[in-house]
Every structure is written in structure tokens, then in C-alpha cells.
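This report concerns only the one structure given below.
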Amino acid sequence: MCGIVGFIGHGNVQDVLMNGLEKLEYRGYDSAGIYLAEGGQTGHLFKEVGRIANLKETVDFDLPAVVGIGHTRWATHGMATKANAHPHQSMNQRYSLVHNGVIENYQALKTEYLKNIQLNSETDTEIVVALIEWFANNESLSTKDAFKRTLEVIEGSYALGLIDKESPEVLYAAKNKSPLLIGLGQDFNVIVSDAMATIDVTNEYLEIKDKELITLTKDAVTIEKFTGEVVQRESYIAELDASDLEKGTYPFYMLKEIDEQPTVLRRLIQSYQDEQGQAVFEADLLKAVSAADRIYIIACGTSYNAGWIGRSLLEKIAHIPTEVHLASEFAYELPLLSQQPLFIFLTQSGETADSRQALVKVNELGLPSLTITNVKGSTLSREASYTLLLHAGPEIAVASTKAYTAQITVMALLADAIRASKGIEASFNMERELSLVASVMESILAEKAAIQTWVEDSLMETRNAFYIGRTLDYYVSMEAALKLKEISYIQTESFAAGELKHGTIALIEEGTPVIALITEEIVGAHTRGNVEEVRARGANAIVISMQEVARVDDQFVIPTVTTALAPLVMVVVTQLLAYYTALGRGLDVDKPRNLAKSVTVE
Ligand code: F6R
Numbered sequence: 005m006c007g008i009v010g011f012i013g014h015g016n017v018q019d020v021l022m023n024g025l026e027k028l029e030y031r032g033y034d035s036a037g038i039y040l041a042e043g044g045q046t047g048h049l050f051k052e053v054g055r056i057a058n059l060k061e062t063v064d065f066d067l068p069a070v071v072g073i074g075h076t077r078w079a080t081h082g083m084a085t086k087a088n089a090h091p092h093q094s095m096n097q098r099y100s101l102v103h104n105g106v107i108e109n110y111q112a113l114k115t116e117y118l119k120n121i122q123l124n125s126e127t128d129t130e131i132v133v134a135l136i137e138w139f140a141n142n143e144s145l146s147t148k149d150a151f152k153r154t155l156e157v158i159e160g161s162y163a164l165g166l167i168d169k170e171s172p173e174v175l176y177a178a179k180n181k182s183p184l185l186i187g188l189g190q191d192f193n194v195i196v197s198d199a200m201a202t203i204d205v206t207n208e209y210l211e212i213k214d215k216e217l218i219t220l221t222k223d224a225v226t227i228e229k230f231t232g233e234v235v236q237r238e239s240y241i242a243e244l245d246a247s248d249l250e251k252g253t254y255p256f257y258m259l260k261e262i263d264e265q266p267t268v269l270r271r272l273i274q275s276y277q278d279e280q281g282q283a284v285f286e287a288d289l290l291k292a293v294s295a296a297d298r299i300y301i302i303a304c305g306t307s308y309n310a311g312w313i314g315r316s317l318l319e320k321i322a323h324i325p326t327e328v329h330l331a332s333e334f335a336y337e338l339p340l341l342s343q344q345p346l347f348i349f350l351t352q353s354g355e356t357a358d359s360r361q362a363l364v365k366v367n368e369l370g371l372p373s374l375t376i377t378n379v380k381g382s383t384l385s386r387e388a389s390y391t392l393l394l395h396a397g398p399e400i401a402v403a404s405t406k407a408y409t410a411q412i413t414v415m416a417l418l419a420d421a422i423r424a425s426k427g428i429e430a431s432f433n434m435e436r437e438l439s440l441v442a443s444v445m446e447s448i449l450a451e452k453a454a455i456q457t458w459v460e461d462s463l464m465e466t467r468n469a470f471y472i473g474r475t476l477d478y479y480v481s482m483e484a485a486l487k488l489k490e491i492s493y494i495q496t497e498s499f500a501a502g503e504l505k506h507g508t509i510a511l512i513e514e515g516t517p518v519i520a521l522i523t524e525e526i527v528g529a530h531t532r533g534n535v536e537e538v539r540a541r542g543a544n545a546i547v548i549s550m551q552e553v554a555r556v557d558d559q560f561v562i563p564t565v566t567t568a569l570a571p572l573v574m575v576v577v578t579q580l581l582a583y584y585t586a587l588g589r590g591l592d593v594d595k596p597r598n599l600a601k602s603v604t605v606e
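Under my numbering, the sequence shown has 340 at position 336, and the numbering climbs by one with no breaks.
Following this line, the structure appears as C-alpha cells:
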């Protein structure tokens, strides 16, 4: 969480920083700030609480800056106040620093080194910048050595950008666990949390590894280890299209991303199948997955919810026993592992700290892993044995939509490829059924107006709501509930429909919305029975199904697709339902309160 950007060299520093921060706002939007140095020991600090738009109003775009750093914050240590906003400065304002991550030993460092230093914020970051100055003054070190000394004593996660206003011809950077890239330009260089934020100034990037110290001038970048050994590294071209980052005529990214799902699905069929309909996964990867006696899917949030559908696909189609684990739990309480496990990390961003921590554990054990991610070159893709890309294009709305359906599609295609490689007979043609799914998604998207009206009638005033379903429908209901609660703030819970009567039914009151998902015929009759039970207790029962259901308050019937892939279409209705609820409540759909898109702290 938090986004950082820095620029040194020829160009409009303020423009690059502010445009970059706007694109990084998905990483946090509690406060934002920039620091600009002009040379001649003159620097300027601008900070505001809230969105980048607030900061933009206060920045002086005419200052002749030669270097700058910027930050958009998701609060960890300390409230969202101006004092806690980054950049933070050392006591005499010589050093200015931006930070993404958490310094775990900041209290101990404060006690050991900074007892007599007046601090102005509640942040761990201010300790880091104060330490740099402390080492420079007390151990008579150059800025670079004082920075290195600080990096040697801090513990935790960080991506850092540092300016010494006495030498504004240099920008310093370092990272540990948190993401940071170097962007290379003509007469300028940048540091940035995500290449997408500076793609309009350069598409050439350099990776930084943990515990390296980077010095940037306008025409050179030096990477060195803490031992002083200089590291040579090839740059790469980021394949991002600046137009993918625009909202176009859409009011919110979320709606654009919901609409993109049929295109993403067709793109995935093309990416992972050849013209004869044969799977085109790397042979080594197929061998590794087929050899597994058990698959462990590890993920967080929406990706975790997609994992449950993936589990069903891998078990039913590829016949491999599969478990799903929350990354934050898995990292600290390993289940008893099978003889030949394979670990699948599902992560849109490829940067989620909880998932990364679990991957670190898996790598320590020397076991094979596959990351399924939307971001090429992301930390989890670099550190896993294999990677499969989601090809979904940048997902900018905080609430994940197209990544969920893309993750399920990749797992369906992978399961089908393993099935074929094992000689298991197919129960349906994957390519044909996925193509049908894409068309059914389009027909649902064409019904937006009806869904909006339906939402306005049922959900606008409620304080809580329930989703119910059985088997696959239950797994979809987990995602449906997450989507509705995170952007509309309606307390929404999902339940396995059969469990309702074992306690939760006590919460049903007159008018409580209960949305039942019914696609699996084998359990449909039971779920319909549960709908009757909640109606009898006054609930407003709404059904989303592939067939008409009698005696409900409202229903949305979707065209039939094969049961195994039904989650891909069911979820679209629930995404629209969440979107129109948040829209109707006048909320900022793309940036729900308290959240950030890329969760890079544990
Ligand atoms: C919810 C949402 C989050 C993410 C979760 C994992 O809409 O987006 O729950 O799914 O933070 O993120 P990734 O997939 O990037 O690891």
C-alpha cells in the first residue's frame, strides 16, 4: 500500500510527480505529498489530507525543480493527518523521504538513536529520515553512507525515495519486500511503485532487488549491494498501453472493467489455446502440475474467492485434490503437506504481502509454485517457479472484477490442459463453452438498466444483506458479498444456504434482502427450500438463477451455461448489483473508504 514516485533531470518534475500520483492513487488515498528541490539548497514541501486532487490545488507548478519525490498514503502508523503525510523530513529539513511499507523495529531505533530528537508525526517513516540525518551528523558520513547505514539497521518492508537538498543532483532509493522500479529516460530517470504510473514518460524499466542501494542522477543509475559491489542489470520494456489506463466515457473504472470481461475471456482462450484448440501451456509447467498429488491454492480477498472455483475445476476436470488457503493464515500455520505438493498463488497485483510471505515459506521448503497474476514481472511472478498471466489489462478500480473472472478462466484452461495430458475424457468442450460464457456475459451486460432498477427497488435503504448458495453458488456468493460490502458499505455476508438454519436465520427481519444464487440443479431444490424459509420470516427474497423460480420477491434469470463455468456468468450480475448500489448511494465506486488496491503490508 502507498504509492511512490520520484523524478530527477530535465522535464517538468511537478507534472511527472502529480500525473504519477494520480495513477498510483489506487494504492492509497488517505493523504498525499510531494517534495521538490531546486538547487541552491532550496526545497519545497506540499502535503494535503485526502485525494491527489486536494494536493494538486496547493502545488506550485512554476518552481524550477530539478528533482522531486511524491507519495500517496494508505495509513498504517498514525491517522490520516497532514503531519503524518509523506514526504517526511529530518529535523533540519536537509533530508526528505517517501516510504511504502512498515518499519517493524522503529520503536527500538527511536530509543537507541533518537531520544533527543523532536519528532513531528506518529509515523515509522519519520524515524528513518531522522536516522539518516543522525548517522550523517554523528558518524560524519556522506549521504549515501548514512542512507546505507540506516538500511542496515531498519527491519521490515520498505520502498524508499530520498532527497538531500544539499546535493539535488542525486536521488537515492532502496527496497525490501515492497515494490519499486527504476524508469530510464533521456536526460532523466524515475523511481516508481508501478510502471503504469510513469508509462507516459518512459517504457524502459530496471528491476531493483531487495537490499540494494540505488543512486540516480539525470543520466545515470547505479545499483549496488550493501557491500559496495556494483550490480549490472538489463532493462526491460514495459508492455503497457497508456490508453488502457484511461476511463474513456465511463463514469468509473469499475464499470469499464466489468464490461471488459468478455473480451478478456476471449483473449485468454486465444493466449492459452492454439488454432486446433490444443492447450499451449509450457511443457514443464504442465508436467509440474500433473505430477502434483495435491494442489494448494493460496490467495487473499477476491483472488481467494476465485481459488474456490479453481479448486472445483482442478478436482473435477484434472482429478487433482486441491485445497484453498488464505495467504495470511497459511504463512504462519502450514497445513500437513502431501508428498508432492504444488502451490498456486492467485494474485491480481502480484505484490500482495500476505501472499508473498506464503511464497517465501514455500521457497524455503524448496517446493514448486505457480503464480497466476495480471502483472508481468511482479514480485510473486519473479519469485515463483512458474507464472501464468491473466492478460486482463490494468485493473484500476479498487474492487476487483475482471481479475476474478480471468483467474477462473486461466484455471479452467489449465485444468483442461492437464486433463488432456493425463488422457482423461472431457465432459464438455472447454473452448466452446468458454466462448459461450463470453457471449452470455455480453447478454447480461446488455441488461444493465434492468439490474439498476432492480437494485434501486431492493437495496438502496438496507443496512445489511445476505447472499446464499450451495457448492459453486456458495463460492460465488462469497465474492458477491465481498463486492457489495466493500463498495456500498452494506454489511453483507454470504452463507452456505444449508447452514442458514443452524444459527444465521436469527438475523432475518422484515425486509432483509436475501439473495440466493441457484445454478447447480443437484442442490437447487434445497436452496429453493431455504428461500421459502427466509421468506416465511419476512425476508425480501431475490433469486439469480438459470431457471425461473416460483414464489420469490424478485428474480434475474440468466441464460444457461455448463454448470462448472456458471460462476463466470453469475458473478457478473452480482458485480453490477454492487456497482449500482454504490452508485445509487452516491459513493466513490472506484475508491471505497479505508481500502487500497495493492496490499503490500501484512
Ligand atoms: C477486493 C479486492 C481484494 C484483493 C486482495 C488480493 O475487491 O480487490 O480483496 O483481491 O487484496 O489482491 P491480489 O489479487 O492483488 O493479491
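Glycine is no exception: its CB is placed at the ideal position from the N, C-alpha and C atoms. Source: prediction; values computed, not measured.
Pairing residue 141 with residue 96, the inter-Cα distance amounts to about 11 angstroms. Counting every other CB atom within 10 Å of its CB across the protein chains shown gives residue 426 a total below 16, marking it as exposed.
A direct Cα-Cα distance of roughly 30 angstroms separates residue 491 from residue 540. The bridge partners DSSP lists for residue 345 are 298.
In this structure, the straight-line span from the alpha carbon of residue 326 to that of residue 376 is close to 16 angstroms. Per the C-alpha coordinates, the member of 90, 257 and 23 positioned closest to residue 48 is 90.
Taking all protein chains in view, the Cβ of residue 284 is surrounded by fewer than 16 other Cβ atoms within 10 Å, so the residue is classified as exposed.
Within 7 angstroms of the C-beta of residue 603 there is at least one heavy atom belonging to the ligand F6R. Here residue 428 is exposed, its C-beta having fewer than 16 other C-beta atoms within 10 Å. Under the DSSP definition of a beta bridge, residue 197 lacks any partner. Collapsing the DSSP output to three states places residue 505 in a helix. In this structure, the straight-line span from the alpha carbon of residue 13 to that of residue 258 is close to 36 angstroms. The beta strand (DSSP E) runs of length 3 or more contained entirely in the stretch 238 to 318 are, from start to end of the chain, 298 to 303.
Placement of the Cβ of residue 305 at a distance of less than 7 angstroms from at least one heavy atom of the ligand F6R is found. Residue 354 has no beta-bridge partner at all, per DSSP. Looking at the backbone, the Cα of residue 71 and that of residue 361 are separated by about 34 angstroms. Residue 517 is positioned such that its CB atom lies no closer than 8 angstroms to that of residue 569.
Going by beta carbons, residue 203 and residue 246 fall inside the 8 angstroms limit. Judged by DSSP in its simplified three-state form, residue 400 adopts coil rather than helix or strand. The ligand F6R has a heavy atom closer than 7 angstroms to the beta-carbon of residue 490. Residue state for residue 427 is assigned as coil, using DSSP reduced to three classes. Beta-bridge annotation (DSSP): residue 162 is paired with 105 and 181. Residue environment for residue 323: exposed (fewer than 16 other C-beta atoms within 10 angstroms of its C-beta).
With a threshold of 16 other beta carbon atoms within 10 Å, residue 180 meets it and is buried.
Residue 435 and residue 270 have their C-alpha atoms spaced approximately 9 angstroms apart.
The Cβ-Cβ distance between residue 217 and residue 139 does not fall below 8 angstroms. Counting only the Cα atoms, residue 536 lies some 42 angstroms from residue 253. In this structure, the beta-carbon distance from residue 359 to residue 303 falls below 8 angstroms.
For residue 154, the uninterrupted alpha helix (DSSP H) segment begins and ends at 147 to 157.
In the DSSP assignment, residue 77 falls outside any alpha helix (DSSP H) and lies within the beta strand (DSSP E) extending over 71 to 77. In the three-state reduction of the DSSP assignment, residue 558 falls in the strand class. In this structure, 422 is the residue among 332, 574, 43 and 422 with its C-alpha nearest to the C-alpha of residue 288. In the structure shown, the three-state DSSP call for residue 50 is strand. Placement of the Cβ of residue 351 at a distance of less than 7 angstroms from at least one heavy atom of the ligand F6R is found.
In this structure, residue 199 has its CB at a distance of at least 7 angstroms from all heavy atoms of the ligand F6R. Spatial neighbours of residue 182 in its own chain (CB-CB distance under 6 angstroms, excluding positions within 5 residues in sequence) are listed in chain order as 104, 105, 161, 162, 163 and 604.
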